[in-house]
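Q: Below is one structure. I have some questions about it.
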Amino acid sequence: MSEQRVEAVERALSILEAFGERADRLTLAQLAEETGLYKSTILRLAASLERYGYLNRSEDGLYRLGPSLWRLGSIYRRSFDPGEHIRPELRRLVEATGETASFYVREGDERVCLYRENSPHAIRHHLDEGSRLPLDRGAAGHVLRAFGGGDDELGRETRRAGFYISVGERNPDVSAVAAPVLGPSKELRGALAVSGLTTRFDAKRRQAARAVLEAAATRLSGRLV
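The sequence shown begins at 1 in the working numbering and counts up by one.
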């Protein structure tokens, strides 16, 4: 009996999962095509989803998501702490590269270091959380500008590449690699960066850091809402 209830829940959830950015309103036939369920099954499940506010059906027969999903989403956002996801990735980056890892967000014409994990080296590029730095210098600044709507040639090149490497731009002794962290709709959430002294964080190590940095940014892009 419990197995039947689980199967019914999964079928109902498959109806909700059928909706997307390009399919915010669906006919019964489209839902059947997307879910693989019989129309009669969809009608029964949809009636329950409508009663609880998870689905709406308009007068023209089109289904759309209901307000209960907005309410649950709001509760999730209030309880969501991005640091729970970002800090572990920063620690992994430091372990993999030996250099300082940080996460920046844009505030006006500046970037703010929201989270950071400093390098274990005695001589290192040290950052404090809350530090404000310029947007026009440094890898993270260029990434935030480029993926935040920057339409100059450098911004377009950065978007095409998917990352930026800076050498001595803000500090003549520091080099950095940065990549964007994007939300579900590809909106910019921030920039993930690895930075270190150029004498140690040379071209070879920057390229190695870029690979692990992009992997970390991809993982975060799937978690931050």
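Cβ atoms here follow ideal geometry from the backbone N, Cα and C, with glycine treated the same way. These figures come from a predicted structure and were not determined experimentally.
1. Output yes or no for whether 8 Å exceeds the beta carbon distance between Pro-180 and Val-212.
2. Whole angstroms is fine: what's the gap from Asp-173's alpha carbon to Ser-195's?
3. Taking Arg-11 as the reference, which of Glu-157, Thr-27, Leu-49, Ala-23 has the closest Cα?
4. Check the DSSP bridge columns for Glu-110 and list the partner residues they point to.
5. Three or more C-beta pairs closer than 8 Å, one from the region 113 to 122 and one from the region 148 to 166: is that the case here?
6. Given Ala-217, which residues of its chain have a CB within under 7 Å of its CB, disregarding the five upstream and five downstream residues?
7. Applying the criterion that 16 or more other CB atoms from any shown protein chain within 10 Å of the CB defines a buried residue, is Tyr-52 buried or exposed?
8. Specify, as a first and last residue, the run of the beta strand (DSSP E) that Ile-165 falls within.
9. Assuming Leu-197 and Ile-123 form a contact by the criterion Cβ under 8 Å, report the distance between their Cβ atoms to the nearest whole angstrom.
10. Check Leu-62 in the structure and name its three-state DSSP category.
11. For Arg-87, which residues in the same chain have their Cβ closer than 8 Å to its Cβ, ignoring the five residues on either side in sequence?
12. Starting from Gly-196, follow the beta strand (DSSP E) in both directions and report where the run begins and ends.
13. How many angstroms separate the CA atom of Val-6 from the CA atom of Ser-221?
14. May I ask you to report which of helix, strand or coil DSSP gives Thr-235?
15. Using the Cα positions of Arg-206 and Glu-17, report the straight-line distance between them to the nearest angstrom.
16. Can you tell me whether Gly-155 is helix, strand or coil according to DSSP?
17. Please state the DSSP three-state secondary structure of Gly-141.
18. Judging by CA-CA distance, which residue of Pro-120, Arg-170, Ala-32 is the nearest neighbour of Leu-93?
19. In three-state terms, what does DSSP make of Ser-2?
20. Taking DSSP's pairing of strands, which residues face Asn-56 in a bridge?
A: So, from the data block:
1. Within the sequence shown, numbered from 1, the residue matching residue 180 stands at position 180. Within the sequence shown, numbered from 1, the residue matching residue 212 stands at position 212. Not closer than 8 Å, so no.
2. By one-based count along the sequence shown, residue 173 stands at place 173. By one-based count along the sequence shown, residue 195 stands at place 195. In this structure, the straight-line span from the alpha carbon of Asp-173 to that of Ser-195 is close to 11 Å.
3. Taking the first residue of the sequence shown as 1, we reach residue 11 at position 11. The shortest C-alpha to C-alpha distance from Arg-11 to any of Glu-157, Thr-27, Leu-49, Ala-23 is the one to Leu-49.
4. Within the sequence shown, residue 110 is the residue found at index 110, counting from 1. Answer by DSSP bridge pairing, in chain order: Glu-107, Pro-134.
5. Not touching, per the Cβ criterion.
6. Here residue 217 refers to the residue found at position 217 of the sequence shown. Cβ neighbours of Ala-217 beyond the five flanking positions: Ala-179, Pro-180, Val-181, Leu-192.
7. If you number the sequence shown from 1, residue 52 lands on position 52. Under this definition Tyr-52 is an exposed residue.
8. The residue labelled residue 165 in the question sits at position 165 within the sequence shown. Segment 164 to 167, the beta strand (DSSP E) holding Ile-165.
9. Residue mapping note: residue 197 aligns to position 197 of the sequence shown, counting from 1. Residue mapping note: residue 123 aligns to position 123 of the sequence shown, counting from 1. So it is a contact: roughly 7 Å between Cβ atoms.
10. Here residue 62 refers to the residue found at position 62 when the sequence shown is read from its first residue. It is coil, neither helix nor strand.
11. Stepping through the sequence shown from its first residue, residue 87 is reached at position 87. If we look at Arg-87 and ignore the five residues flanking it on each side, its Cβ neighbours are Tyr-115, Glu-117.
12. On the sequence shown, residue 196 is found 196 positions in, with the first residue counted as 1. Looking at the DSSP string, the run of the beta strand (DSSP E) that includes Gly-196 is 188 to 197.
13. Along the sequence shown, read from residue 1 onward, the residue named residue 6 stands at position 6. Along the sequence shown, read from residue 1 onward, the residue named residue 221 stands at position 221. Roughly 30 Å separates the two Cα atoms.
14. This structure cannot speak to residue 235, because the chain is shown only from 1 to 225.
15. The residue given as residue 206 occupies position 206 in the sequence shown. The residue given as residue 17 occupies position 17 in the sequence shown. So the alpha carbons of these two residues sit roughly 40 Å apart.
16. For the purposes of this step, residue 155 is taken as residue 155 along the sequence shown, with counting starting at 1. If DSSP states are grouped into helix, strand and coil, Gly-155 belongs with the helices.
17. As a first step, residue 141 must be located in the sequence shown, where it is residue number 141. Helix at Gly-141.
18. For the purposes of this step, residue 93 is identified with residue 93 of the sequence shown, where counting begins at 1. Answer by Cα proximity: Pro-120.
19. What you label residue 2 is simply residue 2 of the sequence shown in a count that begins at 1. Here Ser-2 scores only 44 on pLDDT, less than 50, and its place in the model is too uncertain to base an answer on.
20. Taking the sequence shown and counting its residues from 1, one reaches residue 56 at position 56. Paired residues: Arg-64.
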